[in-house]
Amino acid sequence: MERFSKDHEWVRVAGDVATVGITKHATEQLGDVVFVEVPEVGRKVTAGEACAVVESVKAASDVYAPVTGEVIEANAAIAASPGAVNEDPEGNGWFFKLRLVNPSELASLMDRAAYDQFVKDNA
Amino acid sequence: MASPATANPPKRTPLYDIHVASGARMVPFAGYEMPVQYPMGILKEHLWTREKAGLFDVAHMGVCFLQGPDHATTAAALERLVPADIAALRPGQQRYTQLLADDGGILDDLMVTHSPEPTSDGNLVLVVNAACKDADYAHMRAHLPGNVRLFVADERALVALQGPAAVAVLERLVPGIGALGFMTGAYATLAGQTVFLTRSGYTGEDGFEIALPAAHAVRIWQTLLADPQVQPIGLGARDSLRLEAGLCLYGHDIDRSTSPIEAGLHWSIQKRRREMGGFPGADRIQRELRDGPARRRVGIRPEGRAPAREGTEILSMAGERIGAVTSGGFGPTVNAPVAMGYVASAHAAPGTKVQLVVRGKPLPAQIVSLPFVPHRYVRKSA
Chain Y
141 MERFSKDHEW
151 VRVAGDVATV
161 GITKHATEQL
171 GDVVFVEVPE
181 VGRKVTAGEA
191 CAVVESVKAA
201 SDVYAPVTGE
211 VIEANAAIAA
221 SPGAVNEDPE
231 GNGWFFKLRL
241 VNPSELASLM
251 DRAAYDQFVK
261 DNA
Chain G
346 MASPATANPP
356 KRTPLYDIHV
366 ASGARMVPFA
376 GYEMPVQYPM
386 GILKEHLWTR
396 EKAGLFDVAH
406 MGVCFLQGPD
416 HATTAAALER
426 LVPADIAALR
436 PGQQRYTQLL
446 ADDGGILDDL
456 MVTHSPEPTS
466 DGNLVLVVNA
476 ACKDADYAHM
486 RAHLPGNVRL
496 FVADERALVA
506 LQGPAAVAVL
516 ERLVPGIGAL
526 GFMTGAYATL
536 AGQTVFLTRS
546 GYTGEDGFEI
556 ALPAAHAVRI
566 WQTLLADPQV
576 QPIGLGARDS
586 LRLEAGLCLY
596 GHDIDRSTSP
606 IEAGLHWSIQ
616 KRRREMGGFP
626 GADRIQRELR
636 DGPARRRVGI
646 RPEGRAPARE
656 GTEILSMAGE
666 RIGAVTSGGF
676 GPTVNAPVAM
686 GYVASAHAAP
696 GTKVQLVVRG
706 KPLPAQIVSL
716 PFVPHRYVRK
726 SA
């Protein structure tokens with residue numbers, strides 16, 4: 141299942157593993173990504189906590205954990221090649237994977253339709 | 346009491362509509378709505394400019410001229426406010442300088458050109474920064490003698506064409522313009538209009554700044570863009586280009602507190618003026634030239650990939666605070682983070698290892714000489 145946060149992160153859940161990245165809309169706003177910092181494996185994060193960084197030529201942005209969990213994998217490929225985030229933000233441009241602690245947190249995130257509306261409403 | 350007036354609506358250059366139609370993202374800058382980027386994006390716009398030719402709307406900047414009975418009089422009037430040798434400028438010659446305050450701090454930086462036309466030999470054409478222009482005009486007017494007047498060139502719009510292909514692009518429209526050397530100006534006919542252009546700019550590349558009639562700005566902009574070597578470039582790439590070129594941005598790398606010596610701009614103060622003074626803050630400038638300034642503007646290269654932005658604290662390897670970043674970001678041409686800042690002079694030598702506090706953590710970096718990308722100016726002998 142797929143959910144979206146108000147900070148333009150997407151979450152894809154399979155079992156108790158949540159893959160997290162930033163949305164296509166976020167990359168369009170950001171522009172070309174030149175630097176990415178992903179969290180360390182093993183780090184425990186709370187929903188809403190800043191745990192990664194994405195930077196364009198002009199600005200730095202925090203990436204927040206949409207849900208609570210433990211980082212079980214971080215995407216080394218985007219750290220090495222930040223442009224990969226622009227190429228495929230909602231696929232290969234994923235940032236990190238979490239082992240979910242509290243799946244009920246997903247209910248307070250938006251589904252695709254709600255997120256698309258949220259983007260329109262805030263344009 | 347009346348409720349606070351809403352801020353003046355942002356001003357627009359004559360090219361506003363065409364930027365919007367081109368899909369530019371507009372942002373407020375110095376009281377204007379300016380294009381920060383076009384659909385190509387900052388990274389590609391930056392790289393395009395260094396490879397081909399970028400066209401910049403800089404009509405927000407302050408184009409004005411000082412008019413006096415002859416060059417000597419007008420030059421003397423301006424020399425009371427700036428440390429450069431203006432009297433020695435040949436007709437058409439352009440120079441970079443600063444308006445200084447009495448304590449030697451910088452009020453603004455600007456370009457000054459001695460009119461190339463014999464009939465207006467007493468004219469100096471000035472280009473000042475958008476954010477400072479109103480204050481600069483007031484400052485100059487308050488200090489000019491009775492026979493030198495300041496005129497704001499309201500009917501002109503300034504654009505810049507920068508990059509290795511700029512001269513070829515312009516040659517197709519203004520045959521012979523390639524003979525103009527770096528830091529010289531001339532009047533020419535471009536698309537049927539009289540324009541004033543100088544071979545200079547803010548990117549480190551060869552290029553031209555063109556003061557054209559505002560009423561014809563759209564048509565001339567489109568004429569230049571019709572060349573396949575030319576793309577419109579926004580303020581985002583303008584900033585990354587000038588940073589790689591080691592050029593100061595007023596309000597960031599130079600400001601009211603910095604002297605031209607601290608800022609590494611001593612080269613812009615010619616020998617006669619260094620020795621004779623006669624400009625505001627001359628005491629401080631002469632003292633700093635003699636004893637060295639307490640701090641210096643330097644180039645900084647983070648060792649990793651994380652950019653260090655304006656305000657980042659700079660520490661010595663021992664952990665002592667020695668300065669701060671004044672401009673920082675990612676340099677698309679060097680493909681690495683780049684920054685400029687001020688450090689205590691003892692730590693200013695290129696090669697000095699320092700630490701940059703980014704997101705609370707000290708990251709290793711090195712002081713380097715500027716520019717990050719070599720300048721490619723096309724100088725011609727006088």
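So the protein sequences, as listed, match chains Y and G.
Be aware that the first sequence starts at 141, since it is given in our numbering, and climbs by one per residue.
Be aware that the second sequence starts at 346, since it is given in our numbering, and climbs by one per residue.
Quick reminder that beta carbons are idealized off the backbone N, C-alpha and C, glycines included.
The Cβ-Cβ distance between A192/Y and E177/Y falls below 9 Å.
Taking a beta-carbon distance threshold of 9 Å, D172/Y counts as an interface residue toward chain G. Per DSSP, V699/G is one residue of the beta strand (DSSP E) stretching across K698 to V703. Residue ranges of uninterrupted alpha helix (DSSP H) with 4 or more members, entirely inside the region 615-678 of chain G and ordered along the chain, are 616-621 and 627-636. Residue state for P682/G is assigned as strand, using DSSP reduced to three classes. As the crow flies, the alpha-carbon of R635/G is around 48 Å from that of P520/G. Straight across, the Cα-Cα distance linking Y547/G with R721/G is about 12 Å. In this structure, D430/G keeps its C-beta atom at 9 Å or more from the C-beta atom of Q443/G.
The beta carbon of P509/G sits closer than 8 Å to those of R395, E396, K397, A398, E550, D551 and R721, all from its chain and outside the five residues before and after it, given in chain order. Bounds of the beta strand (DSSP E) holding H459/G are I451 to H459. Counting C-beta pairs closer than 8 Å gives fewer than three between the region 414-429 of chain G and the region 579-594 of chain G, which falls short of the contact rule. Across the region 648-679 of chain G, CB contacts with chain Y closer than 8 Å involve R650, A651, P652, R654, G674, F675 and P677, in sequence order along the chain. In the three-state reduction of the DSSP assignment, L542/G falls in the strand class, which pools E and B. Under the 10 Å beta carbon count, G386/G is surrounded by 16 or more other beta carbons and is classified as buried. For L455/G, there are no C-beta contacts with chain Y under 9 Å, since the nearest C-beta of that chain is about 26 Å from it. In terms of beta-carbon proximity, S196/Y lines the interface with chain G, with at least one pair separated by less than 9 Å. CA-to-CA, the gap between E227/Y and D261/Y works out to about 26 Å. Shown here, M385/G sits in coil according to DSSP, grouped into three states, outside any helix or strand. With respect to S672/G, H391/G sits apart: the two C-beta atoms are not nearer than 9 Å. The beta carbon of N242/Y is closer than 6 Å to those of T208 in its chain, skipping five residues each way along the sequence.
L388/G places its beta carbon 9 Å or farther from that of G182/Y. Excluding the 5 residues flanking it on each side, W566/G has same chain C-beta neighbours closer than 6 Å at L360, in chain order. Neighbours of A263/Y across chain G, judged by C-beta separation under 7 Å, do not exist; the nearest C-beta is about 12 Å away.
Contacts with chain Y (Cβ-Cβ distance below 8 Å) from the region 585-596 of chain G involve S585, listed in chain order. The beta carbon of V178/Y sits no closer than 9 Å to any beta carbon of chain G. For S244/Y, the closest alpha carbon among the candidates I218/Y, P206/Y and A216/Y is that of P206/Y. The distance from the Cβ of G223/Y to that of V173/Y is about 6 Å, consistent with a contact at the 8 Å cut-off. For N226/Y, the secondary structure class from DSSP, reduced to helix, strand or coil, is helix. Nearest in C-alpha terms to K706/G, of all of P647/G, A681/G and A684/G, is P647/G. Annotated as distal: V575/G and I555/G, with beta-carbon spacing of 9 Å or more. Taking 9 Å as the threshold, the shortest C-beta distance from A192/Y to chain G does not fall below it. Around the beta-carbon of F496/G, fewer than 16 other beta-carbon atoms lie within 10 Å, marking it exposed.
With respect to chain G, the C-beta atom of P229/Y has no partner C-beta closer than 9 Å. Your pair R666/G and E658/G checks out as a contact, with CB atoms roughly 6 Å apart and the cut at 8 Å.
Within the DSSP bridge table, the entry for D402/G names V504/G as partners.
A Cβ-Cβ separation of about 6 Å places I363/G in contact with V563/G under the 8 Å criterion.
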